[in-house]
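Below: the structure, in structure tokens.
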Amino acid sequence: MQDRVIRAIAEALDKLGVDVDREDIQLERPNDPANGDLSCNIALAAAGMVKRNPRDFAADIVSNIEFSADFIDRVEVAGPGFINFALSHSYLTGQVARINREKTEYGNLDIGKGRKILVEFVSANPTGPLVLVSARAATVGGALVNLYRKAGFEVESEYYLNDAGSQIEKLGISLMTRFRQRIGEEAELPPDCYPGDYLVELAEEIPAGEGKSWLELDEQDARARFSEFALDRVVRMIREDLDYFDIHFDHYFAESQLHRPGGEVEEALEIMKSSDVVYEEDGALWFRSTRFGDEKDRVLLRSDGSPTYFLADAAYHLNKFRRGYHRVIDIFGPDHHGHIRRLEAASSVFGAEQGWLQVLTVQWVRLIEDGRQVSMSKREGEFITLRDLVSDVGRDAAKFFFLMRKNQAHMDFNLSLARKQSDENPVYYVQYAHARISSIISFAGSEGVDFPSDTECVSMLREPEEMELIRKLVIFPQLIEGAVHNNDVNRLTTYAQDIAASFHHFYHVCRVVSSDRELSAARLLLSEATRLVLAESLRLIGVDAPERM
RNA sequence: GCGCCCGUAGCUCAGUUGGAUAGAGCGCCGGCCUCCGGAGCCGGGUGCCAGGGGUUCGAAUCCUCUCGGGCGCGCCA
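As numbered in the working numbering, residues 15 to 563 make up the first sequence, in order.
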């Protein structure tokens, strides 16, 4: 739709002998409907170049522009020199028929052209249950995956499992301590270990005989046994949490595999050495990341020769790069934003182009109840978890609320509001619209009004509320495009609320099922088109679209 | 001190990658069910868009400085 308009403007400019890049011709949607459906500012933007008054220039463009009447029925100059286009009635109503035809494929785009991308998210350390930030990241990541798929990318989702390194050792020590306590030994949890109750529970699950036999091994082997046991259970717990939240990953990528002999850790090191971006100092090996805009250089190998967390992370990105993704998106928590530069630096050493790695950050979530902040830690070492939140407010409300904010903004999560199963809660507002439409459609069927095989009847739609609704349904593909382009999944929630509101307005003014059979058929098609767009928006967000509630 | 993020209505936040008169939800007040779902609709807003400067036809949006809040700044992960 936009392409057609841009082409027509470009042709008009050609006729006037004005040379403008097609890229520079941009369309937008005016907020005031009096200004039409699409607006172009090219006359304003190019007035300086052609040394003309923008309004006169715009008028010249308008008089040279050509459209078929079934697409655009009005083109006019307005304000300081905007060129405004009003879509024709037959084009708009025709879109209602189109949505009914394309169904869930409406809004599918081909900007991905089947290229592969990877979205890595959550990736919380497997040392305990998932907490709130992870829930937010899971929601954003899940929606992003859906969105990119809709835009024509081949998308894979991945969870990076830090199953190596010191925190796993501490996890083992923590569990070992809990086990000792369980069998009546004197044992105290060392500092820096994990004090959460879940480890006490895990210690109960270890068969007593087996646990005791582990304790008889030498210190290091004993720890390893407990670590292994803890890791297995905690990972299982995390997967269950994600399952419960209905977020699924194509891959779980274990850090430990990077450390295998000849693995990516070694390779990444070799590449860096041969790229002349490393140096030795104080017995350690450093990456000269400042050369790529990082604040300081980073250690790759400690003076005892062991690899840092960063080296493994870099190696992980080398692995991703070799897997041939067109683009890789990482979603980081607020405490990791300092890692962005160094990973971009490492990626470019491995040969990735600028922009290959896109890192999004999600910010902390504060819970608010009755206007006051809820303390995030229940007791020492126990934080409010994803599971706590979901069992409190429900999956749909949690996801919807997370996506009402842009991901890089801090958010106050209004628990009292999210819990309410009433009109005040925006999730139910949107879901209610979907349920209501479903109900109307089945009512229509019971009254003998069915979907017509011939969709000509849509031309009968002409009430202002009908047209307002149609205009909003028509922008769905552009909404998807903008959301993908900016990695802005939160636009979908705003849009869904907007569609729901427009439907309710329509519903209160226009009776769908009436004695006028043709009009009823037309409104049934409009209702179904709305339902399809709502359901699809909710699907992308990861929220159910119920037929009854 | 340095870096990143944030600052928009009483509260929580949108704001279409620089556009025309800045929007929604919550809260508060008042209306609307003999009729397809009242979890709905209609009406009620004096916002120095944190503040100063700049860029241009045009700024909540871009640049710069200041103020306020969050998070980072380890041979931890």
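All C-beta atoms in this analysis are idealised placements derived from N, C-alpha and C, irrespective of residue type, glycine included.
Please report the Cβ distance between residue i and residue j, rounded to the nearest whole angstrom; I am assuming they are in contact, meaning their Cβ atoms lie under 8 Å.
i: D70; j: L30; result: Actually they do not touch by this definition, with Cβ atoms about 12 Å apart.
i: A497; j: L203; result: Actually they are not in contact, since the Cβ atoms of A497 and L203 sit about 46 Å apart, beyond 8 Å.
i: E495; j: I125; result: 7 Å
i: F356; j: F324; result: One point to set straight first is that residue 356 is Arg, not Phe, in the sequence displayed. Rounded, the Cβ-Cβ distance is 6 Å, consistent with contact.
i: G347; j: A151; result: 6 Å
i: R337; j: W370; result: The Cβ separation is near 12 Å, so there is no contact.
i: D38; j: F99; result: About 18 Å separates the two Cβ atoms, so there is no contact after all.
i: L391; j: F263; result: A small fix is needed here, since residue 391 is Ser in this sequence, not Leu. About 27 Å; that fails the 8 Å criterion.
i: D426; j: I382; result: 5 Å
Taking C-alpha atoms, which residue in the options lies nearest to residue i?
i: R505; options: D260, G369, E242 and Q492; result: Q492
i: L314; options: T304, D308, F415 and A298; result: A298
i: C54; options: K434, G365 and A24; result: A24
i: V136; options: S516, Y173, L158 and G128; result: Y173
i: D406; options: Q435, N67 and V91; result: Q435
i: Y258; options: F520, N78, A149 and S391; result: A149
i: I187; options: V463, V89, T141 and G166; result: T141
i: D502; options: I345, R485 and D512; result: I345
i: V145; options: Q387, R380 and N98; result: R380
i: P205; options: T191, Q195, E199 and E215; result: T191
i: P466; options: S534, V404 and E477; result: S534
i: R553; options: D28, A48, G156 and L27; result: G156
i: K420; options: V154, S529, I454 and N139; result: V154
i: S430; options: G93, G385 and G307; result: G385
i: L213; options: A222, S102 and L245; result: L245
i: F267; options: A222, H331, L283 and G365; result: H331
i: E480; options: G462, F427, E90 and A536; result: A536
i: T508; options: F520, S529 and K486; result: K486
i: A48; options: E90, Q16, A57 and L27; result: E90
i: T304; options: D318, R250, A360 and S320; result: A360
i: A432; options: Q372, A60 and G408; result: G408
i: S529; options: V292, A543, R237 and V463; result: V463
i: E215; options: W228, S227, E200 and R194; result: R194
Could you give the DSSP three-state label for residue i: helix, strand or coil?
i: S391; result: strand
i: V91; result: strand
i: L27; result: helix
i: Y293; result: strand
i: A423; result: coil
i: N500; result: helix
i: E479; result: helix
i: V32; result: coil
i: V472; result: helix
i: I489; result: coil
i: S452; result: helix
i: L41; result: strand
i: I484; result: helix
i: L552; result: helix
| request: Kindly confirm or deny that the region 216-232 and the region 168-182 touch, where touching means at least three C-beta pairs closer than 8 Å. | output: Too few Cβ pairs lie closer than 8 Å, so no.
| Of all the beta strand (DSSP E) runs that stay within the bounds of the region 154-194, which reach a length of 3 or more residues? | Those beta strand (DSSP E) runs which fall completely within the region 154-194 and span 3+ residues are 168-175.
| said: My parser needs the alpha helix (DSSP H) runs of 4 or more residues fully inside the region 94-131; what are they? | reply: Runs found: 103-116.
| message | To test your reading of the DSSP string, which unbroken alpha helix (DSSP H) runs of 4 or more residues are found completely within the region 191-265? | response | Within the region 191-265, the complete alpha helix (DSSP H) segments at least 4 residues long are 211-219, 222-229 and 233-258, listed from N- to C-terminus.
| query | Which ranges does the beta strand (DSSP E) cover as unbroken runs of at least 3 residues, wholly within the region 280-361, from first to last along the chain? | reply | Taking 3 residues as the minimum length, the beta strand (DSSP E) runs contained wholly in the region 280-361 are 292-295, 298-301, 312-315 and 341-346, in order along the chain.
| query | Counting pairs of Cβ atoms below 8 Å between the region 470-486 and the region 442-458, do you hit three or more? | reply | Here the region 470-486 does not lie against the region 442-458, with fewer than 3 beta-carbon pairs under 8 Å apart.
| beta strand (DSSP E) segments (min. 3 residues) lying fully within the region 376-421 | Taking only runs of at least 3 residues, the beta strand (DSSP E) segments lying wholly in the region 376-421 are 379-383 and 391-393.
| Which residue spans inside the region 502-542 form an unbroken alpha helix (DSSP H) run of at least 4? | Runs found: 505-523.
| task | Specify whether the region 414-429 and the region 517-528 touch according to this definition: at least 3 beta carbon pairs, one from each stretch, less than 8 Å apart. | result | No, because fewer than three Cβ pairs between the region 414-429 and the region 517-528 fall closer than 8 Å, the two stretches do not touch.
| request: Tell me, please, whether the region 81-99 touches the region 110-119 by the rule of three or more beta-carbon pairs shorter than 8 Å. | output: The region 81-99 is not in contact with the region 110-119.
| request: Spell out a yes or no on whether the region 446-454 and the region 82-96 are touching, meaning 3 or more CB-CB pairs, one atom from each, closer than 8 Å. | output: Short answer: they don't touch.
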